[in-house]
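Everything on this sheet refers to the single structure shown next.
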Amino acid sequence: MAQIRPKTAETNFKPVNILILNHNHERFGTYFRCKFIAEELTKHGHRVTMICASGKNFDLKIRHHKSSASFSIITLPRIKYSQYFTGQILRLLFTLPYIFFADYDVAYAFTVAQPQIAIPAILSKKILKRPLIIDWDDLWGGGFAQAHHSFVAKILTFFESHTPKYADHLTYASRFLGNEIKRLGLNIPMTYVPNGAHPKDQKQSSKKNSRKQTKLPLDKKLILSLGNTYTDSLRLMLKAFSKAISQNPNLNLVFVGNLVIPEKFQTLFNRFKSNITVVGTVPYQQVHLYLSAADSLILPMDNSPIEKARFPMRFGEYLTSGRPLISNAVGDVRYFIKKYQCGYLTKPDDYVGLGKAMMASVKPTERNRKYSSNSLKLAKTELNWATIGEKVNTIITKYA
Numbered sequence: 005m006a007q008i009r010p011k012t013a014e015t016n017f018k019p020v021n022i023l024i025l026n027h028n029h030e031r032f033g034t035y036f037r038c039k040f041i042a043e044e045l046t047k048h049g050h051r052v053t054m055i056c057a058s059g060k061n062f063d064l065k066i067r068h069h070k071s072s073a074s075f076s077i078i079t080l081p082r083i084k085y086s087q088y089f090t091g092q093i094l095r096l097l098f099t100l101p102y103i104f105f106a107d108y109d110v111a112y113a114f115t116v117a118q119p120q121i122a123i124p125a126i127l128s129k130k131i132l133k134r135p136l137i138i139d140w141d142d143l144w145g146g147g148f149a150q151a152h153h154s155f156v157a158k159i160l161t162f163f164e165s166h167t168p169k170y171a172d173h174l175t176y177a178s179r180f181l182g183n184e185i186k187r188l189g190l191n192i193p194m195t196y197v198p199n200g201a202h203p204k205d206q207k208q209s210s211k212k213n214s215r216k217q218t219k220l221p222l223d224k225k226l227i228l229s230l231g232n233t234y235t236d237s238l239r240l241m242l243k244a245f246s247k248a249i250s251q252n253p254n255l256n257l258v259f260v261g262n263l264v265i266p267e268k269f270q271t272l273f274n275r276f277k278s279n280i281t282v283v284g285t286v287p288y289q290q291v292h293l294y295l296s297a298a299d300s301l302i303l304p305m306d307n308s309p310i311e312k313a314r315f316p317m318r319f320g321e322y323l324t325s326g327r328p329l330i331s332n333a334v335g336d337v338r339y340f341i342k343k344y345q346c347g348y349l350t351k352p353d354d355y356v357g358l359g360k361a362m363m364a365s366v367k368p369t370e371r372n373r374k375y376s377s378n379s380l381k382l383a384k385t386e387l388n389w390a391t392i393g394e395k396v397n398t399i400i401t402k403y404a
């Protein structure tokens, strides 16, 4: 783990005050990417303030949390009045005083497709002349923006493609997004910053003890899926499970997270409901118990530009669990599973192959032990958050 660097004459080290701008609400999506990067930066002696949205659906207060002596989190009001509208313009207005009056040396803006992030970031750079680092971790233009009204989609696409030109440095979460940056023709330094893992923080717990604590069945072979959102990959996973369970009725599919089954998948889901356990949302501190309770872990992905562009946070959690992985992955997840041989990798649309992988993953074989070992190796090396933090620290100190 990276140690806090002392402020000495020899190193001539100067701590940097960093202001992180994040559009997500607490404990969701990019919030964790920002939080984990911030925590690593504080280990290098810097001070970080992160602005994000409240985790509540209705919250009119501005709240200040002290996560540590060097890391503060400010949550802004959130009023969820539809799926995609939660008071973004209000948060834009509340962010501006922090941009102009907060004590910071560098602004680090995440998801600049969102105007409430892009506009404050641009003002910080153009008016206050503060160094600006921009992070890109999801595809909006031609991706998430298409789920919105055409006018809103145009706004999101505009800010995503135009705001990066104001950056002193760009960080990106996937090779797909790195190519998107190159396509924009920007002559700006850029660094690949994937999402990582916390191998030292992950508590290894026996399967039996974990199942007792989580109240998951002791006599079943458990395949666990961690996540809050599923798209068409849910159908493929359920079809794969139907193939697997026809050969092994002792299989149980466990969902941990805020699972909502769309109506178009209800019939398929209900067919195997007796072999499916929906745990729901659990505190982050308990996630490791559920992962440890599983025989294997599945990460379904769509074969789409959105999925190719993203780097799921749960991949890092999976790697530290010491359990075999199963995925029909695309993008960087596919790259790492293949490179490190840390799980069963099927073609993106092959539910039959995915079903066979489910059956194979729960067996006590040498192959599965190798996958588990390779997963832990990846978590401790290239995708260790400490390693990633070193990258970001180098960028921060360059521009401060």
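Start counting the sequence shown at 5; every next residue gets the next number (the numbering used here).
Backbone N, C-alpha and C fix where the C-beta goes; we use that ideal spot for every residue, glycine too.
Going by alpha carbons, who is nearest to residue i out of the options?
i	options	result
Asn256	Glu43, Ser325, Gly359 and His48	Gly359
Ile185	Ser165, His202 and Lys60	Ser165
Glu192	Phe180, Thr391, Thr175 and Phe104	The sequence given here has Ile at residue 192, not Glu. The shortest Cα separation from Ile192 among Phe180, Thr391, Thr175 and Phe104 belongs to Thr175.
Trp140	Ala177, Gly231 and Lys211	Ala177
Arg187	Lys169, Gly335, Leu382 and Lys216	Lys169
Ser71	Glu43, Gly320, Phe340 and Glu386	Glu43
Arg371	Ala390, Trp389, Lys402 and Leu329	Leu329
Glu394	Tyr196, Ile77 and Phe36	Tyr196
Ser128	Thr285, Ile24, Val366 and Val396	Ile24
Leu190	His173, Arg275 and Ile78	His173
Leu387	Arg318, Gly91, Thr350 and Leu80	Arg318
For residue i, does the count of other Cβ atoms within 10 angstroms reach 16, so buried, or fall short, so exposed?
i	result
Asp299	buried
Gly45	Position check: residue 45 holds Leu in this sequence, whereas Gly was assumed. So Leu45 ends up on the buried side.
Lys204	exposed
Lys481	The question about residue 481 has no answer, for the chain in this structure spans 5 to 404.
Ala73	exposed
Val282	exposed
Thr385	exposed
Thr12	Because the pLDDT of Thr12 is 40, which lies under 50, any placement of that residue in the model is unreliable, and the question is left without a value.
Lys277	exposed
Ser210	exposed
Asp142	buried
Arg67	exposed
Using the three-state DSSP reduction, which class does residue i fall into: helix, strand or coil?
i	result
Cys56	strand
Met317	helix
Thr167	helix
Asp139	strand
Ala13	In this prediction, Ala13 has a pLDDT of 40, which is less than 50 and means its spatial position is unreliable; nothing more can be read from the coordinates.
Arg338	helix
What are the boundary residues of the alpha helix (DSSP H) that includes residue i?
i	result
Phe105	Gln92 to Phe105
Tyr288	Where Tyr288 is concerned, there is no enclosing alpha helix (DSSP H), given that its DSSP letter is neither H nor E.
At which residues does the beta strand (DSSP E) containing residue i begin and terminate?
i	result
Leu190	Taken as a continuous stretch (DSSP letters only), Leu190 belongs to no beta strand (DSSP E), as it is neither H nor E.
Tyr112	Val110 to Phe114
Tyr348	Gly347 to Leu349
Leu382	It is not in any beta strand (DSSP E) - Leu382 instead sits in the alpha helix (DSSP H) that spans Glu370 to Lys384.
Phe259	Leu255 to Val260
Val282	Ile280 to Gly284
Ile121	Counting along the chain, Ile121 falls outside any beta strand (DSSP E), though it belongs to the alpha helix (DSSP H) covering Pro119 to Lys130.
Asn274	Careful: Asn274 lies outside any beta strand (DSSP E), inside the alpha helix (DSSP H) at Glu267 to Arg275.
What do you reckon, is the C-beta of residue i under 8 Å from a heavy atom of the ligand SAH?
i	result
Ser229	This structure simply doesn't include the ligand SAH, nor any ligand for that matter.
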